[in-house]
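Residue numbers (our numbering): 7 to 642.
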Amino acid sequence: MFEVLDERLAQARAELADVLRSPAGGAGEAYARDVAADRLTRRIRRLEGAEQGLVFGRIDRADGAVLHIGRLGLRVESQELPLLVDWRAEAARPFYAATAVEPMGLRRRRHLRVEGRVVRAVSDELLDGSAPAADDVVGDGPLAEALAARRTGRMRAAVATLQAEQDAIVRSPHRGVTVVQGGPGTGKTVVALHRAAYVLYAFPDAAADGVLVLGPNARFLDYVSRVLPSLGENDVVLSTCAELAGLAPAADEPFDVARRKGSLAQAAALADLVRSRQAPGGDADVATARAAAWASGLAHNRAREVFKEHLVDAMTDALERSAAETLERIDAETAASTGLDLDAAAAADLRALGFDDAPAADPAEVFDADAVRASLMDDAHVDRRLESLWPRLTPDAVVRSLLARAPGTQWTDADLPLLDEAAELVDGPPERTFGHVVVDEAQELTAMQWRMVVRRCPARSMTLVGDFAQAGPATTASDWPQALGPHLGDRFALHTLTVGYRTTQEILASTHDLLARIAPGQAPIRSIRHGDPPRTRSTRPEALAATVAHELRAQAAAHPGDLLAVICAAGRVEGLTAAGITRWARLVPAAEARGLEFDAVVIVAPEEIVAARPSGERDLYVALTRATRRLCTIAY
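Here it is in structure tokens:
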């Protein structure tokens with residue numbers, strides 16, 4: 007099948023070369039050429055990306071048919087069955103969903119580990135109850151291998167190891183909003199990213215507009231950035247809310263202020279503020295023009311043009327009436343003073359020139375309404391007068407006015423959704439929208455951030471994943487109906503993942519009391535991993551950095567190659583960096599640890615993490631559940 011892949015690549019590259027060489031006779035042909043080139047370029051990237059791990063599975067049906075499962079589909083005309091089945095195709099579903107209780111017509115499921123073009127490992131599962139045959143290789147399977155592997159600091163694709171409850175969500179036919187909740191390490195992010203790849207495959211209308219993956223911070227997006235390209239999908243935008251607004255926040259502010267800015271009331275306040283700048287006073291003509299602009303449904307600056315057009319129409323009509331009245335008055339005054347009827351005299355003169363049937367002049371016809379209207383539309387004085395009635399606005403000015411903020415002061419994270427809201431009110435919807443949106447750590451979004459997301463997904467096709475036990479300080483909702491209701495109503499499908507694949511059962515058990523405090527109604531998940539019980543060390547405050555360094559040196563010596571992390575309150579980062587901690591481990595502020603995973607984690611001064619933010623206990627719960635092997639807490 008690699009030969010077929012090479013053939014497809016060569017064919018696509020040749021087609022692209024032909025397209026690029028083809029002349030473009032006009033704008034239409036040039037556009038068609040660019041579209042074809044873009045389509046072929048994306049196909050080439052997809053084929054190139056599929057080579058790594060091209061095939062990873064095989065299913066042997068009871069009727070003797072054999073299907074190979076891989077990252078994309080391949081066919082050859084001479085064969086009835088496909089050479090390779092795309093993992094997202096319906097034919098591949100038994101590879102993920104079949105069990106010994108419900109084998110779905112399979113005898114055997116085979117897992118392959120392929121490096122480059124070499125098969126490195128084979129593991130079979132017999133599903134029909136038959137005894138192993140000579141060509142069966144019964145082993146532990148890829149899930150056990152994946153769980154035992156060391157962390158790399160990057161999330162891997164799990165296309166070969168998706169479990170049945172995860173795969174059911176990935177393949178959901180639901181076209182609206184799918185919500186996935188689950189405790190730490192249950193694979194929520196894996197499900198979200200593979201769901202994005204499935205949407206691009208299964209729903210052509212969504213694929214046409216691409217997929218947006220929204221994450222909590224740049225560190226998280228870097229962690230997951232290679233998953234979708236490894237699945238052959240590149241038409242995906244990864245972004246934070248700040249990047250979505252096109253701005254980079256730089257200032258911090260009190261959490262209570264940030265929460266107020268994130269409330270839904272801000273949307274109404276911004277709308278009222280913009281409306282208050284739309285010709286609040288004026289005569290009947292102004293009121294009529296304002297009503298027409300409002301009826302257009304356009305954003306403020308575009309509606310301003312409608313307002314201007316109606317007002318200029320009224321001015322033109324008034325000038326035309328005035329011109330007609332002036333001409334009639336002149337005629338009347340001339341007739342009274344000279345006894346002449348100018349219209350009759352003009353008609354007589356025309357008849358003398360041979361225009362016997364010339365009609366009398368209509369005073370209104372002397373007025374060129376179109377010319378006057380065009381002149382008024384371009385008149386600078388008219389535009390200046392209009393600016394006092396319906397001024398042009400910028401999102402920046404609107405939000406600064408709402409917040410009474412001086413020009414030049416820095417924006418904060420909580421300001422960005424306000425700027426995005428103001429941009430829609432002032433200039434209209436965003437230029438780029440998406441066919442499907444994935445939101446990771448969705449419990450973190452404020453009401454105003456949800457409005458940012460919804461306006462970028464007109465089809466309301468979304469996959470949202472999160473866990474309210476891990477919610478940060480800006481979160482005011484405690485469940486999904488409360489978080490989503492004002493924006494999406496109750497039309498969403500809710501799924502719960504119950505099995506943990508990252509954190510060991512021993513570490514999870516140590517967090518049960520904490521979980522009961524931060525999420526009283528949430529049942530603990532069960533983990534399939536086991537390991538050493540978590541350890542706690544005590545030290546003096548002045549010896550904290552030295553104790554952390556000693557612990558890291560010991561772990562690095564005992565477990566070479568493991569990915570180590572130190573998680574602490576943000577206020578500790580600078581001191582630990584200065585102490586050289588980053589020689590052995592990654593240093594992560596607790597507020598940025600959501601979604602990450604490491605082989606071993608050292609928690610520094612948990613009391614400081616708890617005290618640092620209103621969500622301190624939830625931040626600590628996140629920190630305690632990042633390790634896949636070992637956890638050590640150093641307190642004073």
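Beta carbons: idealized from backbone N, C-alpha and C, even for Gly.
Buried/exposed call for residue i, threshold 16 Cβ in 10 Å
i	result
His117	buried
His74	buried
Asp496	exposed
Ile336	exposed
Phe474	buried
Val125	exposed
Pro190	buried
Arg406	buried
Glu427	buried
Leu425	buried
Arg266	exposed
Asp289	exposed
Arg81	exposed
Pro612	buried
Glu339	exposed
Gly472	buried
Identity of the residues DSSP links to residue i by a beta bridge
i	result
Met468	Val183 and Val443
Glu573	Note on identity: in this sequence residue 573 is Ile, with Glu being the wrong assignment. Ile573 pairs with Val594 and Ile609.
Ser129	His117
Ser245	Leu220
Gly63	Ile75 and His117
Ala257	Thr418
Asp92	Gly76
Ala633	Phe604
Val505	Arg532
Thr696	Nothing about residue 696 can be reported from this structure: the residues present for the chain run from 7 to 642 only.
Gly188	Leu503
Within 9 Å, strictly: CB atoms of residue i and residue j
i	j	result
Ala56	Gly76	yes
Arg592	Val628	no
Ala420	Val263	yes
Leu244	Val219	yes
Ala198	Val445	yes
Leu382	Thr332	no
Ala453	His493	yes
Asp134	Val143	no
Ile531	Leu514	yes
Val505	Ser533	yes
Ala98	Val107	no
Gly478	Asp241	no
Leu395	Val318	no
Gly577	Glu614	yes
Arg541	Leu451	no
Val185	His501	yes
Glu598	Phe101	no
Ser236	Gly59	yes
Leu408	His306	no
Arg14	Val25	no
Arg559	Tyr642	no
Trp417	Ala271	no
Gly441	Gly182	no
Of the residues the options, the one placed nearest residue i, counting alpha carbons only
i	options	result
Ala42	Leu87, Ala33, Glu121 and Leu22	Leu22
Gly193	Leu494, Thr639, Arg632 and Leu206	Arg632
Phe261	Glu13, Ala448 and Thr481	Thr481
Ala564	Val72, Ala273, Asp605 and Arg438	Asp605
Pro526	Ala555, Gly506 and Asp485	Asp485
Leu112	Arg81, Asp141, Ala71 and Glu83	Ala71
Arg114	Ser269, Gly122, Leu26 and Ala139	Ala139
Glu437	Arg461, Pro540, Glu447 and Leu53	Arg461
Arg535	Gly434, Arg635 and Thr639	Arg635
Glu54	Ala489, Ala224, Gln17 and Ala274	Gln17
Gln169	Leu87, Leu602 and Tyr507	Tyr507
Arg310	Met468, Val432 and Glu598	Val432
Ile640	Ile609, Ala617, Pro620 and Glu623	Ile609
Val221	Pro210, Gly622 and Glu249	For the sequence presented, residue 221 should be read as Gly rather than Val. The candidate whose alpha carbon is nearest that of Gly221 is Glu249.
Arg391	Ala257, Leu503, Arg14 and Ala285	Ala285
Gln187	Ser621, Ala386 and Phe498	Phe498
Asp211	Val120, Thr439, Ser621 and Ala301	Thr439
Near the ligand MN: residue i beta-carbon under 8 Å from a heavy atom
i	result
Asp473	For the structure depicted, the ligand MN is absent and the ligand set is empty, with no information on it obtainable.
Minimum length 4: unbroken alpha helix (DSSP H) runs contained in the region 509 to 551: Taking only runs of at least 4 residues, the alpha helix (DSSP H) segments lying wholly in the region 509 to 551 are 511 to 516 and 518 to 524.
My parser needs the alpha helix (DSSP H) runs of 4 or more residues fully inside the region 267 to 343; what are they? For the region 267 to 343, whole alpha helix (DSSP H) runs of length 4 or above, ordered along the chain, are 271 to 282 and 290 to 301.
Fully enclosed by the region 7 to 34, which alpha helix (DSSP H) runs are 4 residues long or longer? Taken in chain order, the complete alpha helix (DSSP H) segments of 4 residues or longer contained in the region 7 to 34 are 8 to 27.
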